[in-house]
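These notes are about the structure you will find just below.
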Amino acid sequence: MMMTMRRFLALGTLLLATLALGGCGYNDFQRLDEQTKAAWSEVLNQYQRRADLVPNIVATVKGEANFEQETLTRVVEARAKATAIQVTPETLNNPEAFNKFQQAQGELSGALSRLMVVSERYPTLQANQGFRDLRVTLEGTENRITVARNRYIQTVQDYNVLARSFPTNLTAMAFSYTPKPSFTVANEAQISVPPTVDFGASKAKP
Amino acid sequence: MPLARIRRALIAILFIAITPFCAWTQGTLQPIPPLSGHVIDQTGTLSTADTQALESQLAALEQTRGAQVVVLMVASTAPEDIAAYANRVGNQWKIGRRDVGDGVLVLVAKNDRKMRIEVAKALEGAIPDIAAARIIDSAMKPRFQQNDYAGGLSAAATQLAARIGAEALPPPPEAGHTPQGINDHSFFDWTDFAIFLFFGVMVAGPLARSIFGSALGGLLVGGGVGVLAFVFTASLLLSIGAGVIALLYTWIFGGSSAPVALGQGGGTSGSWGHGGSGGGYSGSSSSDSGGFSSGGGGDFGGGGASGDW
């Protein structure tokens, strides 16, 4: 009798131990949650770096006489829009706000790349050392944004897998850890169409 | 019979559907070559003498300053952008000392006629993007245009070394000794191990006692814990200590109730957790034929500049 009791006790402890060790993954949630926050901060950091860079680029380009005004105003507007969005840590848990943020930044990306393409048509601008440096810095910043976004996507993936796979999703439910939103391609429909190449008569505007 | 035929047809369709996909996924990205030295030329452009001169130039930099600069020449980075490929290579190799992370990757995609200097985060202060672009424009581009790849790379290495030399980096550990290879300190979690032993002894102790009797059970548990600790920590003293504690625990507290066991077990767990951090895996992979190996500390965040010629 005493023997079986002890065995039951031992088995119970074993069960408890396994659950406590790997089962509920509470600590994993804490670790990955912090990781996603850090990765997100890095993304914001790099976007901020780009936003800080834009006024310099605009000022340099403005110095160029008769630069295409429309492109320039679009960049300024996109930057204003992107920086107007308040980003808080809660943005991460709010897919709608996240999408809005992503869209605004995407618009700025589009406007900036358009500006860079247009600037190719101005030889004096291309010869300007200050502008070339800004261009390099912008390129570097865009690269950093890409890397930061990739890392964020990776950590969010880890987090979401944990929040959704079996034993740990119970913990996620108990503490209400919902899957976090991730970056998507903004123009999915556009890039899934193969590009049309036309070497025909009309010289396309860059 | 028709059923079997249908099944065969379905399998065939599945294969047809899958095969191009497999080929596509395999063909997507350029493979990352193994890190075999400071200079890796996959295009066969540099002569042996050039490679050796460049290699010794970069090795000298590593010995005096500790920073790892690696030159990689590939034919093409397609379909990736050169920046994306360079970042992937850098983060896979993790060149740069483990605790400093000072690595630079000079990548030349010969057929694309593009080059890139990818700078690890630790050196972004010493080599900002603009400086990297200047090095590309002044040292590499004009020489590459005249097919003088060795000269361009050597000039770039000189300028990089000058910039790295101006930065106040921690000195290399000792002259004539390349940094240690990657030690996987992190792959084994000491806290988990300590917790595992703690619960393991708590569970196995009473079980072994009830099955084998108190004396033999204690010996078995003690021996088992000792062997386990030795396997994982490779420290004889630590494992003997762990074994003796487990043995005493099983002998003395194996028969009593859980609360007492918990109180006592806490002490043992603490001692293991403590000892665990003392042991380690250091030196297990440092004897890497004395050649070049990555420091394993470089974190590439997309810094650097690209150019073409």
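Residue numbers (the working numbering), protein chains in the order written: chain A, 8 to 213; chain B, 14 to 322.
Beta carbons: idealized from backbone N, C-alpha and C, even for Gly.
Please read these numbers as outputs of a predicted model, since none were measured by experiment.
Residue-level contact to chain B via CB, residue i, 9 Å cutoff
i, result
"E41 (chain A)", "no"
"V82 (chain A)", "no"
"A134 (chain A)", "no"
"A155 (chain A)", "yes"
"E49 (chain A)", "yes"
Contacts that residue i makes with chain A (C-beta to C-beta distance below 7 Å)
i, result
"D142 (chain B)", "V143, T144, G147"
Spatially closest choice to residue i from the options, by CA coordinates
i, options, result
"S307 (chain B)", "B:L74, B:T41, B:K107", "B:K107"
"E68 (chain B)", "B:P219, B:K134, B:K154, B:G50", "B:G50"
"I53 (chain B)", "B:T41, B:G79, B:A88", "B:A88"
"T178 (chain A)", "A:R13, A:N34, A:L16, A:R14", "A:N34"
"V132 (chain B)", "B:L220, B:G237, B:I143", "B:I143"
"Q161 (chain A)", "A:P96, A:T191, A:S183, A:P130", "A:T191"
"T20 (chain A)", "B:F209, B:I177, B:R156, B:T246", "B:F209"
"K107 (chain A)", "A:A89, A:E77, A:A46", "A:A89"
"G57 (chain B)", "B:L85, B:L74, B:I45, B:Q81", "B:L85"
"S183 (chain A)", "A:Q37, A:E114, A:L16", "A:Q37"
"E84 (chain A)", "A:F138, A:Y129, A:G117", "A:G117"
Per-residue contacts from residue i into chain B (C-beta, under 7 Å)
i, result
"A46 (chain A)", "Those within 7 Å of A46 (chain A) in chain B number zero; the least Cβ separation is about 11 Å."
"A17 (chain A)", "V216, P219, L220"
"D140 (chain A)", "I143"
Simplified DSSP assignment, three categories, for residue i
i, result
"G292 (chain B)", "Residue confidence is low: G292 (chain B) scores 36 on pLDDT, short of 50, so the model does not pin down where it sits. Its coordinate-derived value is still stated next. Looking at G292 (chain B) - three-state DSSP - the assignment turns out to be coil, as it is neither helix nor strand."
"V132 (chain B)", "strand"
"D125 (chain B)", "coil"
"S319 (chain B)", "strand"
"V244 (chain B)", "helix"
"G119 (chain B)", "The amino acid at residue 119 (chain B) is misidentified as Gly; the sequence shows Val. Three-state result, V119 (chain B): strand."
"Q42 (chain A)", "helix"
"I45 (chain B)", "coil"
"L182 (chain B)", "coil"
"Q158 (chain B)", "helix"
"Q109 (chain A)", "helix"
"L59 (chain B)", "coil"
"I143 (chain B)", "helix"
"Q93 (chain A)", "coil"
"I402 (chain B)", "Nothing can be reported for residue 402 (chain B): it is not among the residues displayed for chain B, which extend from 14 to 322."
"V113 (chain B)", "coil"
Short CB-CB distance (under 9 Å) between residue i and chain A
i, result
"G317 (chain B)", "yes"
"F212 (chain B)", "yes"
Under 8 Å by beta carbon: chain B residues contacting residue i
i, result
"R151 (chain A)", "G314, G315, G316"
So if I threshold CB-CB distances at 8 Å, which residues from the stretch 146-177 of chain B count as touching chain C?
Annotation note: the requested chain C is absent from the structure, which comprises protein chains A and B.
Which residues of the stretch 89-101 of chain B have a Cβ closer than 8 Å to any Cβ of chain A? Give them in chain order.
A96, A97, N100
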